[in-house]
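Positions 1 to 680 (the UniProt record's numbering) are the ones given, in order, by the sequence shown.
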Amino acid sequence: MGGRGRGSRSRTQRKHFRDGRENVWKRPKSDSASSDPNSNNNSENKTHWQPFATQNPAFDEYYKEQGIVTAEEWDTFVEALRTPLPAAFRINSSSQFCEDIKSQLENDFMNSLKAETTDGGEVEAIRPLPWYPDNLAWHSNFSRMQLRKNQTLERFHEFLKLENEIGNITRQEAVSMVPPLFLDVRPDHFVFDMCAAPGSKTFQLLEIIYQSTKSGSLPDGMVMANDLDVQRCNLLIHQTKRMCTANLIVTNNEAQHFPGCRADKNGSKASEMEIEPQISQLLFDRVLCDVPCSGDGTLRKAPDMWRKWNPGMGNGLHSLQIQIAMRGLSLLKVGGRMVYSTCSMNPVEDEAVVAEILRKCGGSVELVDVSSELPQLVRRPGVRKWKVRDKDLWLASHKDVSKFQRYHILPSMFPSGKSYVAPANKDLEHENGENAISEDEIQPTEDASTEDLMEEVSDLPLERCMRIVPHDQNSGAFFIAVLQKLSPLPAIQEKPSKKRNLFKKNPELQGKLLDQVTEDNSGLEPDSRDVAVEKNYEAATEADLIVDEPDEADMEPDPSNISNQDSEETKALVNGETDSGKAVGKRKLQLQGKWKGVDPVLFFKDESIINSIKMFYGIDESFPFDGHLISRNSDKNHVKRIYYVSKSVKDVLGLNFRVGQQLKIASIGLKMFVSNLHTI
């Protein structure tokens, strides 16, 4: 029967929820036994919140075998991991109230909290971290939970919250403060934080470049902070806003494919857009490569990791970590320093990655011995031998890896990094390019005794790496390696992948891709369309392939291939002259909306507004305004906010326009002026 006179369409079934439905998902499992007449009352069967389980047999077995700590100190090590992480914070060294805050901590809180107790024993409530310069970092023997719950600590807790909110201090895990210190940052450096969120290290880097800068002036350097995840990028922006800096760019690119922004050598594009940046390629003096990891060094802060942890977590991230680190080195200037770090204790994520970097780079990169720096920081040398765990199997060498495991257990995971190739007739391929492995070829594998395995030992100086363990100085766990670039990286030969072969063997896929690219560029003039189709076809082909080792040149498109229409639109965007009501074709949408959901970044050049601002605020003509003002709206008649950027950021932004806006900029500069005309 039709519903509401709409022909033969069936009537929509309706449900009435006048009475709330019982939430069966919240019912404890023990309730299933309540139907038993011998069971207790339901009220007795209700479960209460239980603390996280702080044990994992797989974790114990894995790290006992790896020898991260000796057998004698294993119990102490695990006991430290099971206790809550003490809170730590850092005083902003560039704050004008730095000395006042330090004095209040030393003379007020250290005395007033001296007699406080935790778990029944008297302890020193707060103390400066002995290894951090100038007593700027402090350690509290109270966990964050205790600070929130303990009434006697209320005044101290409110002090921390207030000062953190306004940027005078930053609440940060103690070991997380270590990597920026080994970077040896100076005020004139270009610094790149590759995986920056949530932003505490980025804030620390900004503190360092501002620390020795004269009052009333901006540093010559800058910090570029990047993170792939949009939500984490927002957290990063929120964290760094407290610094009120014009020397920061926050980007939302993939770290392993971060653009190098290499400009056209003839410089023709610069004259077209009236931009003369001082740099022709985006290179950095310092790179912080704090890569995504399994995170088992944060067990004290995140105890839910105990039940989640398994050895496969590190194996799955190994390749990505190498790609990110190699990209960081390619963006590093010769003579520059990069710090590779993880909050994991797993050698597959730590020493194995560093060893593979050194093998790929040959003699162009050196693992620096920094044992004499920060002498009061207790650290362990890196290990030179380890094993790889795959499910229930221990592997000491790549030759122990069976045929069907070699897709996810790589040679680079082992100390030697050597690959053991099986006989040539083993690789039988289907027509689709996939290896044919019959069930008869896969033999059941038993868990070999670790004594029977021939252990590999790396011949690289991995003892120069550093591993911080929790029970040495009552902290979290961390791994740090300091690398210096001595010469340009060698050309890395790209390995042919099966997906590339599959694409080449299938003309139908090529045809579909070419048709799609041609359709996307149908709004262009014929000459421009041919260039754009060819360029986008190549880009789309590369995007559909998995390239194990991307080369530097492949990551940076040639600016000379940018179509003429792109150049005109880029010029209009740079000068803030685009009329929002005027349609300029598909390519305008592609340029301005190139990064979907991200506002465009434009130089603000409206002289009438700039002059009125100078007159109203009495700004001296010597103050650098030209080219330093930024807006995030392509319609100059509806600009709401104006941002100020330093000269270093201005040069990077000019270069970004010059190469076709390769950087996906989420935040830039310091918000300086806001229009309130609509409220008058």
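Beta carbons: idealized from backbone N, C-alpha and C, even for Gly.
All figures in this text were calculated on a predicted structure; none of them were measured in a lab.
Quiz item: So methionine 313 is in the alpha helix (DSSP H); what residue range does that whole segment cover?
Solution: 312-330
Exercise. Per DSSP, which residues does aspartate 193 bridge with? Please list them.
Key: Ala225, Leu288
Practice problem: Reducing DSSP to helix, strand and coil, say where glycine 597 ends up. | Solution: coil
Quiz item: So what's phenylalanine 89 in DSSP terms, helix, strand or just coil?
Solution: strand
Self-check item: Residues that DSSP places opposite methionine 338 in a beta bridge
Solution: Val287, Leu483
Self-check item: Distance CB(arginine 90)-CB(glutamine 146) smaller than 8 Å
Solution: no
Quiz item: CB of proline 292 to nearest heavy atom of the ligand NAD: below 7 Å?
Solution: Questions concerning the ligand NAD fall outside what the structure shown contains, since it holds no ligand whatsoever.
Quiz item: In angstroms, rounded to a whole number, what distance separates the CA positions of methionine 555 and valine 659?
Solution: Residue confidence is low: methionine 555 scores 41 on pLDDT, short of 50, so the model does not pin down where it sits. Its coordinate-derived value is still stated next. The straight-line gap from Cα to Cα measures roughly 12 Å.
Practice problem: For the beta strand (DSSP E) holding isoleucine 366, just list the boundary residues, first then last. | Solution: Checking the displayed sequence, the identity of residue 366 turns out to be glutamate instead of isoleucine. Unbroken beta strand (DSSP E) run through glutamate 366: 365-367.
Practice problem: Look at the alpha carbon of serine 667 and the alpha carbon of histidine 238, and state the distance between them as a whole number of angstroms. | Solution: 10 Å
Exercise. Identify, in the order they occur along the chain, each residue of the same chain with its Cβ nearer than 6 Å to the Cβ of glycine 199, setting aside the five sequence neighbours on each side.
Key: Leu236, Gln239, Thr240
Quiz item: Where does methionine 672 sit, in a helix, a strand or coil, going by DSSP?
Solution: strand
Self-check item: Beta-bridge pairing of aspartate 390 - partner residues as DSSP gives them
Solution: Leu393
Quiz item: Nearest to phenylalanine 478 by CA position, among Ser294, Pro57, Asn56, Ser675, is which residue?
Solution: Ser294
Quiz prompt | Contact under 8 Å by Cβ, serine 648 with phenylalanine 182 | solution = no
Practice problem: Rank His157, Arg286, Pro415 by C-alpha distance to the C-alpha of alanine 396 and give the top, closest one. | Solution: Pro415
Quiz item: Under a Cβ-count criterion, where at least 16 other Cβ atoms within 10 Å of its own Cβ denotes burial, should threonine 152 be classed as buried or exposed?
Solution: exposed
Exercise. Run the CB neighbour count on phenylalanine 657, radius 10 Å, all protein chains shown included, and call it buried at 16 or more, exposed below.
Key: buried
Self-check item: Which listed residue (Glu154, Asn168, Ser487, Leu602) has its alpha carbon closest to that of glycine 362
Solution: Ser487
Quiz item: Just curious, the beta strand (DSSP E) that arginine 148 is in, first and last residue?
Solution: That residue, arginine 148, is in no beta strand (DSSP E); its alpha helix (DSSP H) goes 144-149.
Quiz item: With DSSP run on the structure shown, which of helix, strand or coil describes lysine 201?
Solution: helix
Quiz item: If you compare alpha carbons, which of Ile357, Asn474, Val401, Asp392 is closest to valine 482?
Solution: Ile357
Quiz item: Anyone know if the C-beta pair for glutamine 281 and glycine 260 falls short of 8 Å?
Solution: yes
Practice problem: Note the first and the last residue of the continuous beta strand (DSSP E) segment covering isoleucine 169. | Solution: 169-171
Quiz item: Given that a residue counts as buried once 16 or more other Cβ atoms are within 10 Å of its Cβ, and exposed if not, what is leucine 162?
Solution: exposed
Self-check item: Under 8 Å between C-beta atoms of methionine 194 and isoleucine 322
Solution: no
Self-check item: Cβ neighbours of lysine 385 in the same chain (closer than 6 Å, five flanking residues each side left out)
Solution: Pro415, Glu455, Val457
Quiz item: According to DSSP, which residues form a beta bridge with alanine 491?
Solution: The partner list for alanine 491 (beta bridge, DSSP) is empty, contrary to what the question assumes.
Quiz prompt | aspartate 108 versus tryptophan 138: straight-line alpha-carbon distance, rounded | solution = 14 Å
Quiz item: How about serine 341 and aspartate 290: are their beta carbons less than 8 Å apart?
Solution: yes
Self-check item: Neighbour-count burial assignment, glycine 618, 16 or more Cβ in a 10 Å radius
Solution: exposed
Quiz item: Just the Cα atoms here: how many angstroms apart are phenylalanine 604 and glutamate 254?
Solution: 28 Å
Quiz item: Assuming arginine 379 and isoleucine 468 make a contact with CB atoms under 8 Å, what is their CB distance in whole Å?
Solution: 5 Å
Quiz item: Below 8 Å, can you find three or more Cβ-Cβ pairs linking the stretch 362-378 to the stretch 405-415?
Solution: no
Quiz item: Per DSSP, what kind of secondary structure is isoleucine 208 in: helix, strand or coil?
Solution: helix
Quiz item: Given that a residue counts as buried once 16 or more other Cβ atoms are within 10 Å of its Cβ, and exposed if not, what is glutamine 256?
Solution: buried
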